[in-house]
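Numbering (this note's numbering), first residue to last: 84 to 803. Here a beta-carbon is modelled for each residue, glycine too, at the ideal position from N, C-alpha and C. Keep in mind that this is a model prediction, so the values were computed, not measured.
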Ligand SMILES: *Cc1c(COP(=O)(O)O)cnc(C)c1O
C-alpha cells in the first residue's frame, strides 16, 4: 500500500516545492543551449511530450510555455524523469565548473583576453531558425567550441523576427517563401534589460539586447522590433538577408555599430573583435571613431584598431561581397563620423578597393581587410584565391604580399556525431574526446572493427530512411497530396541501397543538378536491381536567387519522373535537424561546386564522424583532406574555358566514379556480408577527417594565430 505523507519520501509523491524546484531546473536547462550537444538532455526534453517535441521543431521553451496544465508537473513527479533531470543538471554543473583547456594552458597568462565574435547569423539549433546556411553553422559551432575550450568569447548578432524564410515547394516545384513569426517568448533568449538608441543616418531606433546562453559562452542578439520604434526601424531586424540594399546596409550598421554599442552598454568591452564575414565591418569604423573622439590622430587610431580587429572572409565569388554606393553609406554613418570628428573621405580611403577611383562603391570586405590586424580565408585554397582577389585593395601588391592568411573551417564534433556513432566509437575504444585543440577525435578510428562499423552504417541508414518517409509524408500533406502520394512516401527509399546525400544551400555554383546532366545514365545507375542507389537532396535557395530556386524546381521535378520515384527524393526546409539526419545516414556525401567557388564547405566534415565518405570536387577544404584513400575526388583532369564545358566534364567524371568505383566498392561484400574495402575507406576517412576538421582545432588556431598575436602586431596580417 503506498504511503501518503506530506513529506517527499521514496515512494510517496514529491511535494509541490520539489516539483517547483524541478520546473525551475528544467527551465534553466532549456535556456542554456548547452543541452543541444548533450544527448541525455535532448532525450529528456523529448520524453516530456514527444508529439509536441516534433510539432515545435524540437523547442524545449515552447514545450514548457505551452504544455497543457499539469502535464509537466505530472511528468516531473515521475521517478524516471526526475532522475534524468537530476543527472543532466549535475552533468551541466560539472561541465560549467570544470577547469577548461584554456584555464590549464599557458594562454591564460595572455592577460585579460575577451573576444567579441560578430556575425549576421548563428545556427545553434533548429529551434532557433536564425540562419541561412554554412556561415551560421560555422558561427554556432565556433561558439560551442569556445565554450568547450573555455575561451572567453561572446557572440554578437541580430534577433530576426522572421528568422530566415521557410521553404515550401508547390505542386510544380516552385518555391513558396513563408515568413512565420518567431516569438521571443518561445525562444531560448533572456532580456538583458539593456536598451540604447543606435544612430543610423538621421534616425535613432531603440535597440533591445537579448542574451542566449551557450554553455560558458553567450550570444547577444540585437532587436529593434519595439513598440516605440517607427515601422522602418522595426524592419531592421525583420528578417535575415531580406530586403533592398538600403535595408541590408542599415542592418549592417545595426550589427557593427549597434553591436559595439551594445557591448559597451553591457559592460562587456572586448579586447579583440572578430568580424565573421564583412557584414559587421562597420564595427571597425566605430572603433576608429571612438579613438579619434578622444583626440587620437587618425593614423594612430587605425593602428590601434588593427591591434584589436580580426576578420574572416567567406566567399571567393566577387558578387558575394556587399558593396554600397558611397553616398548611401556616408548618410547612414554620418553620426559615427561626427562622433569621431572624421571627414567623409575616410570612408573612401578605407572602404574603396582603389581609394583614388572616386566612383567606386564602398566594399564591406575591403573596409574589414584594411582595419583588421589579421585576416584570413577559410581554407588554404580560399586563402590563396582571396590573396589574388584583393591585390587591388593593397595597392596592387603581388598576391603573396596581400595580408590574408587561412584557417581552415571545422565542425563541432559533439553536435554532428550521431549518438549511435559515438556509442560505437566508444565501444571500440576509439577516442572521441573533445575540449582541447589537440584532442584529435577519431584519430585512432582505424582500429575499430569493420563489421561493427558496417552494423552502425546499416542502422544509421535505416534511421534515415524512416526519417525521410516521415518528412515526405508531411510534405505531401502540406501540398495536399492524395492517397497515392502518401503511400509512395511510406515506401520511399530502401534500407540497403547505397545512399548518396546532397544537402546545401541551392546556390547555383554548388551545382545541385550536375548529377542530372544525363538522366538515362543516372537512371541506369540508380535502378540496377542488384546494386540499387538512392539520392537524398535537401536545400534552400536565397529567396531572391531565382537561379537557385530553378535548381530546386529541377530537382523536385526529377524526383517525380517515374524512373526516379522513391529513389531520388527532395526534403524541403533544409535545417540543422535534416542536416544531422543526412550526414549520419548517408553513405556518400556529394559535393559538386564549380571550383574554386566553395570557400570551404563544412557539411562534408560531418559525415566521416558517422562513418560516411566524401565524394567531392577538389575545392574548399577537400584538397587538404583528400589522400586518395579516404573518399573520392571528382576530377575531370582539366580546367575548361566555359562553365558549361566544365559542367559536362565534371559530370562525366562523376558518373564514371559512381559506375566504376563507388557502386562496385559498396556492393562487393565478403562472405560475412561486409564490404571490406568500403569499411576500410570509411574508417580511414573518420581517422583523417575527424581529428583535423573540427572547431576545437579551428578555434585553437584562431586563438594562437589571431586573437593572441593580433595585439602584439603592429604591421599586422602576416601570413601563416
Ligand atoms: C553544415 C551545414 C551547412 C554547410 O554546408 P556546406 O557544406 O558549407 O554547404 C549548411 N546548412 C546546414 C543546415 C548545415 O548543417
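Out of curiosity, what's the CA-to-CA distance linking residue 340 and residue 453? Looking up residue 340 in the chain shown gives position 257. Looking up residue 453 in the chain shown gives position 370. Using only the alpha carbons, I get a separation of about 17 Å.
Margin query: Taking DSSP's pairing of strands, which residues face residue 356 in a bridge?
Written below: Residue 356 sits at position 273 when you count from the first residue of the chain shown. DSSP lists 199 and 392 as partners of residue 356.
Sort 500, 401 and 254 by Cα distance to residue 663 and report the nearest one. Walking along the chain shown from the start, residue 663 turns up at place 580. Ranking the options by Cα distance to residue 663, first place goes to 500.
Less than 7 Å between C-beta atoms, sequence neighbours within five positions excluded: which residues of the same chain meet that for residue 767? Residue numbering aside, residue 767 sits at position 684 when the chain shown is read from its first letter. Closer than 7 Å at the Cβ level, and outside the excluded window around residue 767, lie 529, 712 and 713.
**Request:** Give a yes or no on contact between the region 279 to 289 and the region 214 to 231, applying the rule of three or more CB pairs nearer than 8 Å.
**Result:** no
- Query: Do you know how far the Cα of residue 195 is from the Cα of residue 547?
  - Reply: In the chain shown, counting from the first residue as 1, residue 547 sits at position 464. In the chain shown, counting from the first residue as 1, residue 195 sits at position 112. Each residue's alpha carbon lies about 46 Å from the other.
Go through the region 517 to 591 residue by residue and report every complete run of the beta strand (DSSP E) that reaches 3 residues or more, in order.
Complete beta strand (DSSP E) runs here, min 3: 581 to 586.
> Helix, strand or coil: how does DSSP classify residue 687 here?
Replying inline: Numbered from 1 along the chain shown, position 604 holds the residue referred to as residue 687. Residue 687: helix per DSSP, three-state reduction.
Item to complete: Report the partner residues of residue 293 according to the DSSP bridge assignment.
Response: Locating residue 293 in the chain shown gives position 210, counting from the first residue. DSSP output for residue 293 lists 274 and 304 as bridge partner(s).
- Message: So, at 6 Å on beta carbons, what are the nonlocal neighbours of residue 784 in its own chain, with the 5 sequence-adjacent residues on each side left out?
- Response: The residue you call residue 784 lines up with position 701 of the chain shown. Within the same chain, residue 784 has close Cβ partners 490.
- Query: CA-CA distance, residue 199 and residue 260?
  - Reply: Translated into positions along the chain shown, residue 199 becomes position 116. Translated into positions along the chain shown, residue 260 becomes position 177. The alpha-carbon atoms of residue 199 and residue 260 are separated by roughly 33 Å.
Taking 6 Å as the cut-off, is the CB of residue 684 close to at least one heavy atom of ligand 1?
Working through the chain shown from its first residue, we reach residue 684 at position 601. Correct: residue 684 has its Cβ closer than 6 Å to ligand 1.
**Study point:** For residue 247, three-class secondary structure by DSSP
**Key:** To locate residue 247, count along the chain shown from 1; it is residue 164. DSSP places residue 247 outside both helix and strand once states are collapsed to three, so it counts as coil.
Near residue 535, what residues of its chain come up, given a Cβ to Cβ distance below 8 Å and the 5 sequence neighbours on each side ignored?
Position 452 of the chain shown holds residue 535. Within the same chain, residue 535 has close Cβ partners 507, 510 and 511.
*Is residue 587 near ligand 1, judged by its Cβ being under 6 Å from some heavy atom?*
Against the chain shown, residue 587 aligns to sequence position 504. Yes.
Touch test, the region 747 to 756 against the region 153 to 166, Cβ-Cβ under 8 Å, three pairs minimum | no
Is residue 211 buried or exposed, if buried means 16 or more other CB atoms sit within 10 Å of its CB?
-> The count along the chain shown starts at 1 and reaches residue 211 at position 128. With 16 or more other Cβ atoms within 10 Å, it is buried.
* Asked: Out of curiosity, what's the CA-to-CA distance linking residue 502 and residue 660?
  -> By one-based count along the chain shown, residue 502 stands at place 419. By one-based count along the chain shown, residue 660 stands at place 577. If I take the Cα positions, the gap works out to 14 Å.
Residues of its chain near residue 440, where Cβ-Cβ distance is below 8 Å and the 5 sequence neighbours each way are ignored:
For this step, residue 440 is matched to residue 357 along the chain shown. The answer is none, since no qualifying residue turns up.
**Asked** For the putative contact between residue 595 and residue 589, defined by C-beta atoms under 8 Å, what is the C-beta separation to the nearest angstrom?
**Response** Position 512 of the chain shown, counted from the start, is the residue given in the question as residue 595. Position 506 of the chain shown, counted from the start, is the residue given in the question as residue 589. Right, their Cβ atoms sit about 5 Å apart.
> Does at least one heavy atom of ligand 1 sit under 6 Å from the Cβ of residue 668?
Replying inline: What you label residue 668 is simply residue 585 of the chain shown in a count that begins at 1. No; taking the cut-off as 6 Å, the Cβ of residue 668 has no heavy atom of ligand 1 nearer than that.
**Prompt:** Can you list, in chain order, the residues of its chain whose CB lies under 7 Å from that of residue 556, leaving out five sequence neighbours each side?
**Reply:** Here the question's residue 556 lines up with position 473 in the chain shown. So the list reads 569, 572 and 573, once near-sequence residues are dropped.
How many angstroms separate the CA atom of residue 215 from the CA atom of residue 684? Numbered from 1 along the chain shown, position 132 holds the residue referred to as residue 215. Numbered from 1 along the chain shown, position 601 holds the residue referred to as residue 684. Whole-angstrom Cα-Cα distance: 14 Å.
Check: residue 220 C-beta below 6 Å from any heavy atom of ligand 1: Translated into the one-based positions of the chain shown, residue 220 becomes position 137. Checking every heavy atom of ligand 1 against the Cβ of residue 220, one is found closer than 6 Å.
Quick one: is the Cβ of residue 631 within less than 6 Å of any heavy atom of ligand 1? Counted from its first residue, the chain shown places residue 631 at position 548. Residue 631: no, Cβ never under 6 Å from ligand 1.
Original post:
If you drop the 5 nearest sequence neighbours on each side, which residues of the same chain put their C-beta closer than 6 Å to that of residue 275?
Top reply: As a first step, residue 275 is located in the chain shown; it is residue number 192 there, counting from the start. Excluding residues within five positions, the ones whose Cβ falls inside 6 Å are 292 and 294.
Within the continuous beta strand (DSSP E) that includes residue 398, where are the two ends? Here residue 398 refers to the residue found at position 315 when the chain shown is read from its first residue. Segment: none, residue 398 is in no beta strand (DSSP E) and carries neither H nor E.
Please name the residue, chosen from 628, 314, 669 and 577, that lies closest to residue 612 on a Cα-to-Cα basis. Along the chain shown, one-based indexing puts residue 612 at 529. The shortest Cα separation from residue 612 among 628, 314, 669 and 577 belongs to 577.
(message) Under 8 Å: do the region 326 to 337 and the region 616 to 635 share three or more Cβ pairs, one atom per stretch?
(response) Because the criterion of three Cβ pairs below 8 Å is not met, the region 326 to 337 and the region 616 to 635 do not touch.
- Query: Can we count residue 662 as close to ligand 1, meaning its CB is less than 6 Å from some heavy atom?
  - Reply: Taking the first residue of the chain shown as position 1, residue 662 is located at position 579. Residue 662: yes, Cβ under 6 Å from ligand 1.
(request) Tell me whether residue 85 sits in a helix, a strand or coil according to DSSP, three-state version. (result) Taking the first residue of the chain shown as 1, we reach residue 85 at position 2. With a pLDDT of 48 at residue 85, under the threshold of 50, the modelled position of that residue is not reliable, and no figure is offered here.
Secondary structure of residue 205, DSSP reduced to three states:
In the chain shown, residue 205 corresponds to position 122, counting from 1. The three-state secondary structure of residue 205, taken from DSSP, is coil.
Legend entry - Environment of residue 282 [buried if 16+ CB atoms lie within 10 Å]: Here residue 282 refers to the residue found at position 199 when the chain shown is read from its first residue. Label assigned to residue 282: buried.
Original post:
Identify the residues that DSSP records as bridge partners of residue 795: which are they?
Top reply: Taking the first residue of the chain shown as position 1, residue 795 is located at position 712. Per DSSP, none; premise fails for residue 795.
Mapping the DSSP letters down to three states, classify residue 766 as helix, strand or coil. Within the chain shown, the letter at position 683 stands for residue 766. Residue 766: helix per DSSP, three-state reduction.
Would you check if there are 3 or more beta carbon pairs closer than 8 Å linking the region 229 to 238 to the region 515 to 532?
yes
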